[in-house]
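Engineer:
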Amino acid sequence: MSTSIERRDGRMAVAGALLAGAGVVSAAIAAVLMFAVDDADAARGFAFVGMVGVIGAVTAAVNSATSERKAVFATGGVLLFVASSTMFGMSFS
1185 MSTSIERRDG RMAVAGALLA GAGVVSAAIA AVLMFAVDDA DAARGFAFVG MVGVIGAVTA
1245 AVNSATSERK AVFATGGVLL FVASSTMFGM SFS
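All residue numbers for the sequence shown refer to the working numbering, where the first residue is 1185 and numbers rise by one.
1) Exposed or buried, what is residue 1276 when buried is set at 16 or more other beta-carbons lying within 10 Å of its beta-carbon?
2) Would you tell me roughly how many angstroms separate the C-alpha atoms of residue 1233 and residue 1249, rounded to the nearest one?
3) Do residue 1271 and residue 1226 count as a contact pair if the criterion is CB distance below 9 Å?
4) Tell me whether residue 1287 sits in a helix, a strand or coil according to DSSP, three-state version.
5) Measure the alpha-carbon distance for residue 1268 versus residue 1190 and round it to whole angstroms.
In structure tokens, the structure reads:
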């Protein structure tokens, strides 16, 4: 019984990590669109997807097996939230 729960938690952690990784890539694309291309509308969309990636980072942090992984995903989630929300806010100005 516990092995199936551990496998499910492991799959949830991997899915959360993938979603967080997509959020990081999306936030980076938003920064490029905002500063290099001057397309605020597209940057706003990518920044929003970056903020959705924070949910993945939190999911990965909660379901990670070790405290080191939990700390990495929690820290990454906070940094991703700061970066994405900053880009989202800047796209309105």
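Just so it is clear, CB atoms sit at the ideal spot from N, CA and C, and this is done for glycine as well. A quick note: this is a predicted structure, and the numbers were derived from the prediction, not measured.
Structural biologist: If we stick to the structure as given:
1) exposed
2) 26 Å
3) no
4) Given a span of 1185 to 1277 for the chain in the structure shown, any question on residue 1287 remains unanswerable.
5) 32 Å
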